[in-house]
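In my numbering, the protein residues as written are 24 to 243. Ideal placement from N, C-alpha and C gives every residue a C-beta, glycine not left out. This structure is a prediction, so every number in the text was calculated from the model and none was measured. Remarks on the structure that follows.
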């Protein structure tokens, strides 16, 4: 691995992630960041052991259901939570996306959250059904990042059903011909930054410090 790679933080991201503010602050301290964009179904790829050992990306976003733990998420992907570090960074609220011509488009704040009865009989467009083929190397990006979420929104825009997404994802891939509404159809998500304990370094800790608002060289 080149010296540049050793000096650069490779950050794995997922749809909805917006690390630009942190990257800007981190870069202002003299460090480099390379973003590696992954789909949500490939979000833990960088946490798996590599042969020969290669901890790249060193750090990345992980999103899990709010009614689960991150340990359950990574264990389901064949990882040992004891071998990982994770710092929670924010919660994600769920939204339902429908066509602007859908009956629900007339929904108002006074109506509260869209519930199961409100979409009974409607087709649910699951982003996972339309995602790009998984990549094998965590340093490679899918053919189209967020292909599943984009397609689910496009299908909802036809008026043929609905999809449920994290609000950040709906903002990232939103279209003018859809309406985004609060919903109780999903418990929501939590999002964190994870890395392998064996990969821990000053570079990672400095970036985590930026996300927590710590000043350079301040105590951890």
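Whole-angstrom distance between residue j and residue i, CA atom to CA atom
i: residue 64; j: residue 83; result: 13 Å
i: residue 234; j: residue 227; result: 11 Å
i: residue 62; j: residue 158; result: 9 Å
i: residue 165; j: residue 155; result: 6 Å
i: residue 75; j: residue 54; result: 26 Å
i: residue 90; j: residue 44; result: 29 Å
Contact belief for residue i with residue j at Cβ below 8 Å, rounded distance in angstroms
i: residue 35; j: residue 104; result: So it is not a contact: roughly 18 Å between Cβ atoms.
i: residue 153; j: residue 179; result: Their Cβ separation, rounded to whole angstroms, is 12 Å, which puts residue 153 and residue 179 out of contact at 8 Å.
i: residue 221; j: residue 78; result: 7 Å
i: residue 184; j: residue 148; result: 5 Å
i: residue 206; j: residue 117; result: 5 Å
Counted within 10 angstroms of its Cβ, other Cβ atoms place residue i as buried (16 or more) or exposed
i: residue 204; result: buried
i: residue 213; result: buried
i: residue 141; result: buried
i: residue 146; result: exposed
i: residue 144; result: exposed
i: residue 71; result: exposed
i: residue 191; result: buried
Cβ-Cβ distance between residue i and residue j below 9 Å
i: residue 111; j: residue 210; result: no
i: residue 69; j: residue 56; result: no
i: residue 182; j: residue 121; result: yes
i: residue 137; j: residue 38; result: no
i: residue 208; j: residue 139; result: yes
i: residue 85; j: residue 187; result: no
Beta carbon proximity, residue i to chain B, threshold 9 Å
i: residue 102; result: Although the question refers to chain B, the structure presented lacks it and comprises just one protein chain.
Which parts of the segment 25 to 93 are runs of the beta strand (DSSP E), unbroken and 3 residues or longer, counting only runs that do not cross its ends?
31 to 36, 55 to 60, 82 to 88
Completely contained alpha helix (DSSP H) runs for the segment 83 to 169, where each covers 4 or more residues
93 to 99
Could you tell me which uninterrupted beta strand (DSSP E) segments, each at least 3 residues in length, are contained entirely in the segment 186 to 210, listed from first to last along the chain?
186 to 189, 201 to 205
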